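> Per my numbering, the sequence shown starts with residue -6, numbered consecutively.
Cβ coordinates follow ideal geometry from the N, Cα and C atoms, glycine included.
Bear in mind that the values here come from a model prediction, so they are computed numbers and not experimental data.
Pasting in a structure now, in structure tokens, and then I'll have a few things to ask.
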Amino acid sequence: MPYLMLLFSTGLMIAIWPVNRAVMKKGGRAPNIGLVIGLAGALAAAAAAKMNGETFFHPRAMFYGALAGVAFSLGYCMIIFHCLKIGPSGPTVMMNNLGMVAPVLLNILFFPGGAKPSAFAGAGLLLSLAALILMAFNSGADGGKPSMKWFGWVLLGFFLSCVSMGAQYLAAKSVPNLPYSYAFYCQTVTFLILLGVCAARKSVLPTKIEALAGVFSGTVGVLNAGVLFYLIKNMPGYIVFPVVMVTPIVVMLILGHAVYREKLNRYGVSACAAGLLGIVLLNVVP
């Protein structure tokens, strides 16, 4: 059963990227999509928490959910979505998913029964750092000169992804039986922040395609949060994280090359290779 759930989680992680890229390329507005993601996610999480018999008032679920919501709304919904519009898809997904270095480091540093520092973890961190540096010299999506605008935004998205994934990992460790309560607060904070952004821009109402993409992504996000809580409890992290995080990167790199006709120079290719290997090595238990 855990392996079937792992396959399901990986499929969810893959599905959201082509959908959101397509919407952004067609003129979608990141805050408006994120607004719907937050609303749909909060409603889905509330229903799931009620069905699961979870309490809505656990302080740790509230704290970690709110922290993740701030990072998720600003990092994923606004910055990473914007990067899908202005830069190459595969590297954007890789930079977002490299945020999983945060749960690995938290596991090593703060959990006595977690993974111990090792040569594998050290190599994974170095490769992840190399990926960040090399990506600065990658070409634009059209194969032209390096896009420092894209790199600056995607680097900020990476740091916020670290916060979001770290908060989710801490929630899974400290309140393992409240996945949907955590998700409810994460998505509610996301909705409130992006509602403020959209109101400030005087463009609250989403278009039909933005609404559909937001409902899809929000519902998928809540489902995946519950599945990841289950997987973290029932499977080793060195299996879960590489599969869930690496597979979407590989798929988007293939789609970027074969379908979207995006071009990477040698620095971009090297960065993606280093990032993929780094994610795997970070989760190897010697």
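Can you give the Cα-Cα distance for asparagine 170 and glutamate 47, rounded to whole angstroms?
About 8 angstroms.
> Mapping DSSP to helix, strand and coil, what is lysine 195?
Three-state DSSP puts lysine 195 in coil, outside helix and strand.
> Taking the Cβ atom as the reference point for each residue, do alanine 192 and alanine 54 lie within a distance shorter than 8 angstroms?
Not closer than 8 angstroms, so no.
> Is DSSP giving lysine 166 helix, strand or coil here?
Helix, per DSSP.
> Just the Cα atoms here: how many angstroms apart are leucine 125 and leucine 67?
Taking the straight line from one Cα to the other gives about 20 angstroms.
> Would you mind reading off the limits of the alpha helix (DSSP H) that contains threonine 3?
Its alpha helix (DSSP H) spans residues -5 to 18.
> Report buried or exposed for tyrosine -4, applying the criterion of at least 16 other Cβ atoms within 10 angstroms of its Cβ.
With fewer than 16 Cβ atoms within 10 Å of its Cβ, tyrosine -4 is classed as exposed.
> Among Gly145, Tyr223, Gly117, which residue has its Cα nearest to the Cα of valine 273?
When only C-alpha atoms are compared, the closest one is Gly117.
> Do you know how far the Cα of leucine 185 is from the Cα of phenylalanine 32?
Reading off the sequence, residue 32 comes out as leucine, not phenylalanine. Roughly 9 angstroms separates the two Cα atoms.
> Is the region 203 to 219 close to the region 148 to 159, with three or more CB pairs under 8 angstroms?
With the cut-off at 8 angstroms, the region 203 to 219 and the region 148 to 159 do not touch.
> Are the region 20 to 37 and the region 90 to 103 in contact at 8 angstroms, needing three or more beta carbon pairs?
Taking 8 angstroms as the limit for Cβ pairs, the verdict is that the region 90 to 103 does not touch the region 20 to 37.
> Quick check on valine 252: buried or exposed, where buried means 16 or more other Cβ atoms within 10 Å of its Cβ?
By the neighbour-count rule (16 or more Cβ atoms within 10 Å), valine 252 is not buried but exposed.
> Nearest to leucine 149 by alpha carbon, out of Thr200, Leu188, Phe74, Ala39?
Considering only alpha carbons, the answer is Phe74.
> Please report the straight-line C-alpha distance between serine 263 and threonine 85, rounded to a whole angstrom.
Each residue's alpha carbon lies about 14 angstroms from the other.
> Rounded to the nearest angstrom, what separates tryptophan 10 and leucine 187 at their Cα positions?
When rounded, the distance between both Cα atoms is 20 angstroms.
> Which runs of the alpha helix (DSSP H) fall wholly inside the region 200 to 246 and span at least 4 residues, in chain order?
201 to 227, all fully within the region 200 to 246.
> For the ligand GTP, is there a heavy atom less than 7 angstroms away from the beta-carbon of isoleucine 272?
Ligands displayed in this structure: none; no statement on the ligand GTP is therefore possible.
> Run through DSSP, which three-state label would arginine 53 get?
The answer is helix: DSSP assigns arginine 53 an H, G or I state.
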